[in-house]
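Top to bottom, those sequences are chains L and E. Under our numbering, read the first sequence as residues 1 to 316, first letter to last. Under our numbering, read the second sequence as residues 1001 to 1727, first letter to last. Glycine residues also receive a C-beta, built at the ideal position from the N, C-alpha and C atoms. Predicted model only: the values in this text are computed from it and were never measured.
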Amino acid sequence: MKATERLGKVIDNIEKVIIGKREIAELSLVALLSHGHVLLEDVPGVGKTMLVRALAKSVGADFKRIQFTPDLLPSDVVGVSIYSPKDMQFHFRPGPIMGNIVLADEINRTSPKTQSALLEAMEEASVTTDGVTMQIPKPFFVMATQNPIEYEGTYPLPEAQLDRFLLRVKMGYPTREEEIEVLTRSQSIPPIEELESVLTLEELLELQDAVRTIRVDDTIRAYIVELATHTRRDPYVYLGVSPRGSIALMKAAQAYAMLKGRNYVTPDDIQYLAKPVFGHRIMLRSEARYDGITAEELTERIIAKTRVPVQRLVNQ
Amino acid sequence: MTSIRKNKVFMGLLYILVFLLLSEWLRPVIELTETGHHRLFLAFVAIGLIMAFFDIPWWVTAPVKVIYILWFIVYVYTGNLFFTAESLAFVMEQASISLSALFSQDWQATTDAFRTVLFFALLWMAIYLIHYWVSFRLSIFLFYLLTVVFIAVLDTFSPYSGDAAIVRIMVIGLLLAGLLHLARWMEHHAATAKTDKLLVFSIPLLMLLVASTAFAFYLPKAEPIWPDPVPYITSYSGQGGVGQGGVGRIGYGVDDSQLGGSFVSDDTTVFRAEVEEGQYWKVEVKDVYTTKGWELSDEDAQEQFYRNGDEVVTDFPPQGEDRTSALVDMQLPFPFVLYPYGTASFLMEETLDYRYDPVQQRFDTLQENTAFEPDVYEVFYSEPSFSLTALRETDVEQLDGLPTEYDRYLQLPDELPDRVGELAQEIAAGSDTVYAQAQAIERYFGTNGFEYSQSDIAIPEGDEDYVDQFLFETQRGYCDNFSTSMVVMLRSLDIPARWVKGFNEGEVIDTVDGYDVYEVTNNNAHSWVEAYMPGVGWMMFEPTIGFTGSSSIDFDLEIDASDPEEEMPDRPEPEPETQPEQTDSNAATNAEPTTGERFLAFVAEQAGKLIAATIALLLLALLLFSIRKKWMPKVLIPYYRRKQADAETFEKAYLRLLKQLELYGIKRAPGQTLRSYAEYVDSFFGTKEMTELTAAYEKSIYGGDPHSVDWPKLKESWENLINRTSG
């Protein structure tokens, strides 16, 4: 079975549970395939948790959930060593981070210390406690949610930490028809319970490896850099996209190309992914806020004015 | 990758060129202001540029320059080669005088030394600016343009001659601009700036420069069509000089000692005349030919004074008793009256004297012995006519017995080249009467490749003779050339002749009571010939081609003894400019022309046709270009059918299709991807082909898989789409 068909099945599977959010499902899968993590930003009750659970079930992964609260400690996330009187030794009890797919709910509610513990684990794919480094099992995928409405008692993530997320995705409300469908389905047994895995973890790891082989032409690379450079030069922007952001865009585009059944990246992939990849990486000046411009809109503008490469690069 | 700015050899070359260009600025400034010490100023520029070239920090360069300036002041104003106590005292003194003058705003009191310092400061600034242009901007065009303008202005308005300077500037400037363009190009393309690579790139530039300079150098250069502005401005009063050297403004002038040069037309009205028939208006004659122009002999002659209504005596007595009157309304102030042939008397409201000098043959108007400028006057005249029978009897032998008073009309300069006389003999050969000889010379110009023109007219220089130059070299000129040449040739045949100045009849602008009103402007200023026919008297001749104002008599007319007279003058044609172009301008050239000259002559002759053809071709090209979307597909389809069926062809064809679609009006925004554009195109045409082609193209370009392209299969889709664009 081809990669694209297998991935298509995963998406279909998720769609059984989450209605009308195929794009979000695709983007989550893109992040999963390119070893990235997703920051879901939306109001409660639009199906963020359901999405992650459905994804975890579809790929047969171990699903863990951490509800972030102000009093959560780093050890509550990564785990703690407990003294065992029986053999008179400390035994490490892994925390909820040691899972394949982790839902970090309301990440901005906890203290920065705990946040950084999570983010470090995300970046390194390992945790270190009491001098012992432990690998987190592969695949490892964190989907953190953040409620953009509440500011009271929250600790907004610093910009540098936002950079650790490959994509920032906004769920948005379902359409009228979709919501009716949601109501209809929720009358019967929750469909999530019936969801079966369509992809094994081994297959997922294989696909993760295969993503790296997706071809990125020189023109595309130049195009990515061009876009990133433009974000750094824009008068509305206080801090533009870092080279890490450019790398993230390329990796995400590779995964997306694979999802779409291609073995090469096209400018369309880049344009499509630029918004979720760049959105949380651009820090706007206050002027932009006064003019009502969001980072996504700015990215769109930059895309519109940046010349798409349509010709082979001529070697000098 | 080495930046071009790091290449010392290349940048050094640029700085040398900049130095040369700057020295072109310095040269005229120093020459015109009589500053002197040219080399020392140049040395300052050189030092400044060298230090800029080696990127020496400002805290070194500034003291060096200041010390140089101080040394210059000391050396030039005190003569000391080194800083001595005395010279330093001088500097201090100068500084204190100038500064106190500055503070008291007494600008005049600043010393020369201080002004020199200011000049140095200016140079310093110029060096800095140019250094900035060359090193940072890699662009010199503005400075180059300014240099050209500067030299052109100086050449025009000052005694400085920029003839050679402008050539040097063009060469240096073009080279500099070309090299800088190359530098910018290389930087833009991030090309490695190795010296050998630069050399390779510079060779076409050098070749182009050498070729264009050589071409420009050897091409014949037209006289400036633009009038030399200085005489132009001074002649604005409207009494500009016929016969002044350089480019003049047409009109009546007094000084004819230096003839030649081009003219610009001038529509200033000189006078209006109500007459029965248009005729020439004579002002005066000149009798001494100087090889460059005409002067008046200092022959003593009894001046005649006439009053209003007195019968005047001229060399052209009025015919019969009937008088025609002409009313002349002067628009420009002239202290004399203009008179037609056969003038009998003048009438004016004012009481005044008409002073007639038989040598100059001008009627000066005087009121109480001071020059008076008449406004309106009436002149009574009757055109003289000449007996053809008498003219036919003007034997050449009769010339020998002429009284000595005619000798001054035979004057010729000793330097006159012999070939002028030889040509006159040749023309006159076969004519046995004086009249026939004069006529032969008068007609000579019309049939021997002479060209009437007011522009691009040579001025005799050095020991060149005005007539000789016109007859044998240029064969191009206006009335002065033709009339002077005829007078000189007549004199060489011992026929008394003189040079007449005046105006031709002008243009009819109105009709009042059966009289035509002629308007005579400065453009109508004219010169012609009067020659003495033994036994008949003085007669006027009109050698200038395009003018028919002479007493030309048609020999075909069989004239009876009962009808022995012929009228003169004929009504001349109004406009010299309307005469047919002389095309065989090379006919009388003596030397055998080389191939190059022949080619150039051919180009010159066919210039009109060539220009017309070029314009037609350009228009055609423009038309074809503007409708290219119509015919391009018809060319493109067979072209791409014949080409090799590979991915490269496909990519080219696809890009061509994009261009065609753009021409068709489906524009692709710069940020629009090919796929979304293809979808739009397909939705526009209701096709699927564009998406299909685009997918293949994307795979070839972004997928790096050109072998996947099946061009023969895609060709049909491509042809289908490209055909749609021609609709």
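Straight-line gap, residue i to residue j (C-alpha atoms, nearest Å)
i: LEU1658(E); j: LEU1122(E); result: 55 Å
i: THR1290(E); j: ASP1494(E); result: 17 Å
i: PRO1403(E); j: LEU1412(E); result: 18 Å
i: GLN1302(E); j: ARG1355(E); result: 10 Å
i: ILE1441(E); j: ARG1168(E); result: 47 Å
i: MET1533(E); j: THR1394(E); result: 6 Å
i: GLU194(L); j: LYS86(L); result: 42 Å
i: ALA121(L); j: PRO243(L); result: 21 Å
i: PRO235(L); j: ARG93(L); result: 50 Å
i: LEU1174(E); j: LEU1209(E); result: 7 Å
i: ILE24(L); j: LEU1142(E); result: 57 Å
i: LEU1600(E); j: ALA1616(E); result: 22 Å
i: THR1156(E); j: THR1447(E); result: 39 Å
i: PRO1712(E); j: LEU259(L); result: 30 Å
i: ASP1256(E); j: TYR1341(E); result: 22 Å
i: SER1202(E); j: LEU1182(E); result: 8 Å
i: ARG1005(E); j: PHE1119(E); result: 30 Å
i: TYR1306(E); j: ALA1371(E); result: 15 Å
i: MET134(L); j: LEU32(L); result: 21 Å
i: GLU26(L); j: LEU227(L); result: 23 Å
i: GLN89(L); j: ASP105(L); result: 33 Å
Residues that residue i contacts on chain L, provided the C-beta gap is smaller than 7 Å
i: ALA1669(E); result: ALA304
Contacts that residue i makes with chain E (C-beta to C-beta distance below 8 Å)
i: VAL308(L); result: PRO1670, GLY1671, GLN1672, THR1673, LEU1674
i: ILE220(L); result: TYR1702
Sequence-distant residues of the same chain with beta carbon closer than 6 Å to residue i, five excluded per side
i: GLY36(L); result: LEU166
i: TYR1478(E); result: GLN1454
i: SER186(L); result: none
i: ASP1468(E); result: PRO1417, VAL1420
i: LYS1699(E); result: ASP1705, SER1708
i: ASP1315(E); result: TRP1538
i: LEU1020(E); result: ILE1172
Close Cβ partners of residue i (< 7 Å) along its chain, the five nearest in sequence each way excluded
i: LEU1471(E); result: VAL1420, LEU1423, SER1485
i: PHE1684(E); result: ILE1666
i: GLY20(L); result: PRO174, THR175, GLU178
i: THR1589(E); result: Confidence at THR1589(E) is low in this model, with a pLDDT of 41, below 50, so its placement is unreliable and no value can be given for it.
i: LYS113(L); result: PRO74
i: ARG168(L); result: LEU39, GLU41, PRO276, GLY279, HIS280
Partner residues on chain L for residue i, Cβ-Cβ distance less than 9 Å
i: GLU1698(E); result: ARG262, TYR264, THR266, PRO267, ASP268
Cβ distance (whole Å) where residue i is taken to contact residue j below 8 Å
i: ASP268(L); j: SER1676(E); result: 7 Å
i: ILE1151(E); j: ILE1140(E); result: About 16 Å separates the two Cβ atoms, so there is no contact after all.
i: ALA125(L); j: ILE136(L); result: 5 Å
i: VAL308(L); j: THR1673(E); result: 5 Å
i: SER1345(E); j: GLY1309(E); result: 5 Å
i: VAL241(L); j: LEU284(L); result: Their Cβ separation, rounded to whole angstroms, is 12 Å, which puts VAL241(L) and LEU284(L) out of contact at 8 Å.
i: LEU273(L); j: ALA252(L); result: 5 Å
i: LEU103(L); j: ARG65(L); result: 4 Å
i: ASN1504(E); j: THR1268(E); result: Wrong, their Cβ atoms sit about 16 Å apart, outside the cutoff.
i: ASP1329(E); j: VAL1379(E); result: Not quite, the Cβ-Cβ distance comes to about 12 Å (not below 8 Å), so this is no contact.
Listed by chain order, chain E residues near residue i by CB distance under 9 Å
i: GLN323(L); result: Because chain L here runs from 1 to 316, residue 323(L) falls outside it and cannot be looked at.
i: ILE97(L); result: Residues of chain E passing the Cβ test: none, with the nearest at roughly 38 Å.
Listed by chain order, chain E residues near residue i by CB distance under 7 Å
i: ARG215(L); result: GLY1703, GLY1704
i: GLN271(L); result: THR1673
Beta-carbon contacts of residue i that lie in its chain and below 8 Å, excluding the five residues immediately before and after
i: LEU1714(E); result: PHE1650, GLU1692, LEU1693, ALA1696
i: VAL1536(E); result: PHE1386, SER1387, ALA1390, LEU1391, THR1394, TYR1435
i: PRO148(L); result: GLU41, ASP42, VAL43
Residue i beta carbon near the ligand COA (any heavy atom closer than 7 Å)
i: ALA1301(E); result: In the structure shown, the ligand COA is absent, as is every other ligand, since no ligand is present at all.
8 Å Cβ cutoff, residue i in contact with chain B
i: LYS1715(E); result: Of the protein chains in this structure, namely L and E, none is chain B.
**OP:** Within the region 108-140 of chain L, note down every full beta strand (DSSP E) run reaching 3 residues or more, in order along the chain.
**Re:** 126-129, 132-135
Original post:
Along the chain, which unbroken stretches of the alpha helix (DSSP H) at least 4 residues long are found entirely within the region 194-264 of chain L?
Top reply: 201-211, 218-233, 243-259
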